[in-house]
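There are 2 protein chains.
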Amino acid sequence: MTPLEHKRPMKKADLEDRIRAVDLRPTKQRIALAELLFSDGNRHITAEKLHSEALDAGVRISLATIYNNLHQFTTAGLLREVVVDSSKSYFDTNVDPHHHFFHEQNGTLEDIHSGDLTVSNIPELPDGTEISSIDVIVRISPDNNS
Amino acid sequence: MTPLEHKRPMKKADLEDRIRAVDLRPTKQRIALAELLFSDGNRHITAEKLHSEALDAGVRISLATIYNNLHQFTTAGLLREVVVDSSKSYFDTNVDPHHHFFHEQNGTLEDIHSGDLTVSNIPELPDGTEISSIDVIVRISPDNNS
DNA sequence: TAAGCTCTTTAGAAAGATTCTAAAGTATTG
DNA sequence: CAATACTTTAGAATCTTTCTAAAGAGCTTA
Chain Z
400 MTPLEHKRPM
410 KKADLEDRIR
420 AVDLRPTKQR
430 IALAELLFSD
440 GNRHITAEKL
450 HSEALDAGVR
460 ISLATIYNNL
470 HQFTTAGLLR
480 EVVVDSSKSY
490 FDTNVDPHHH
500 FFHEQNGTLE
510 DIHSGDLTVS
520 NIPELPDGTE
530 ISSIDVIVRI
540 SPDNNS
Chain L
400 MTPLEHKRPM
410 KKADLEDRIR
420 AVDLRPTKQR
430 IALAELLFSD
440 GNRHITAEKL
450 HSEALDAGVR
460 ISLATIYNNL
470 HQFTTAGLLR
480 EVVVDSSKSY
490 FDTNVDPHHH
500 FFHEQNGTLE
510 DIHSGDLTVS
520 NIPELPDGTE
530 ISSIDVIVRI
540 SPDNNS
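In structure tokens form, the structure reads like this:
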């Protein structure tokens with residue numbers, strides 16, 4: 400995270416408001432997940448990883464609840480799902496349009512801010528269709544010499 | 400497929416050569432898969448779909464063999480894997496650099512030839528990394544009015 | 001605050017895709 | 001043809017994600 404970047408260490412009440420704002424009940428589990436997800440900058444996380452973070456933080460929560468809420472948050476626009484690996488799903492707390500670096504070595508994602516990469520020359524779309532999103536993944540790996 | 404597009408209805412001997420060329424033995428199963436994959440223009444196919452096509456074509460082949468060979472062909476550069484859906488893998492017979500339309504409605508892929516779409520302004524890469532590939536997925540869905 | 005209703009959570013089962021195992025089969029080489 | 005190495009296969013196993021149905025918790029009203 401760069402020094403000037405937006406950051407918001409959220410209070411619990413703010414998190415509750417944020418959950419209420421999307422018409423979900425602020426349960427203990429949701430608040431705990433929201434805290435893990437939204438308290439400290441942008442994150443890219445898998446269900447399994449979020450689950451273990453929650454357990455490590457002392458929150459008793461089942462994996463099913465993790466999945467339920469990741470999907471509900473995504474539907475509500477609080478998260479966005481990123482497809483980079485055919486074996487698991489990543490959820491991104493940055494819901495503004497942007498792209499990603501994917502470190503193939505360790506399965507880690509890094510944001511590319513929207514202005515930093517341009518897609519142009521998009522060909523005519525198939526008839527009767529419209530764009531629902533454009534995803535650019537720049538897959539990177541450790542280079543030979545360094 | 401457009402009228403002027405490259406097409407090569409391959410003979411069985413050509414397929415065998417192609418398999419030998421990547422140091423694999425031309426078994427009955429490999430030849431049958433190569434025929435389904437490479438005989439008629441570019442394809443985007445899942446393991447399950449290829450399996451059922453093979454069975455329909457009267458080729459006795461197990462799903463494990465499908466997976467084995469899809470991976471071996473991919474490693475050999477005869478196929479390329481496209482990640483668009485977190486629940487299954489697609490294999491593309493077009494191994495030249497290019498991008499994709501993904502029809503969200505029916506899970507279908509369509510090539511965007513390399514010259515038809517440009518990615519520019521790629522930001523500086525993280526230290527010690529190099530690009531291994533750039534994937535652009537233009538996700539499309541049926542539009543409201545048509 | 002109690003009742004009642006709805007939404008949530010949960011454990012465990014189930015599903016779906018992919019990989020693994022180890023044994024039987026086949027291509028290749030000499 | 002024999003010896004060797006590579007392949008195929010059925011079925012089990014694994015992994016991620018979803019489902020089920022029962023118990024629990026938040027919310028509204030009186």
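Sequence lines, in order, name chains Z and L.
Count along the first sequence from 1, then add 399; that gives the number in this note's numbering.
Count along the second sequence from 1, then add 399; that gives the number in this note's numbering.
C-beta atoms are modelled at their ideal positions from N, C-alpha and C, and glycine is treated no differently.
Only a predicted model underlies this, so the values are computations on that prediction, with no experimental measurement involved.
Closest option to Asn543(L), judged by alpha-carbon separation, among Ile533(Z), Asp534(Z) and Glu529(Z): Glu529(Z).
For Ile418(L), the enclosing alpha helix (DSSP H) starts and ends at Lys411 to Ala420. DSSP places Thr528(L) in the uninterrupted beta strand (DSSP E) bounded by Thr528 to Pro541. Chain order gives the chain Z residues near Ile511(L) as Ile521 and Pro522, where near means a beta carbon separation below 9 Å. Between Tyr466(Z) and the set Tyr489(Z), Pro496(Z), Ser513(Z) and Asp422(Z), the nearest pair of CA atoms involves Tyr489(Z). Its Cα nearest to that of Ile430(Z), the residue Asp416(Z) stands out among Arg442(Z), Phe501(Z) and Asp416(Z). Look at the beta carbons and you see the stretch 511–529 of chain Z not touching the stretch 468–486 of chain Z: under three pairs across the two are nearer than 8 Å. Using a CB distance cut-off of 8 Å, Thr528(Z) counts as an interface residue toward chain L.
Beta bridge pairing from DSSP links Tyr489(Z) with Thr445(Z) and Val481(Z). For Leu516(L), the residues of chain Z that pass the 8 Å Cβ criterion are Val518, Ser519, Asn520, Ile521 and Pro522, in the order they occur in the chain. For the options Gln428(Z), Ser540(Z), Thr426(Z) and Ala433(Z), the alpha carbon positioned closest to that of Lys410(Z) is the one of Ala433(Z).
At a beta-carbon threshold of 7 Å, the residues of chain Z lying near Glu503(L) are Ser531, ordered along the chain.
By the C-beta density criterion, Asn505(Z) is exposed, having fewer than 16 other C-beta atoms within 10 angstroms.
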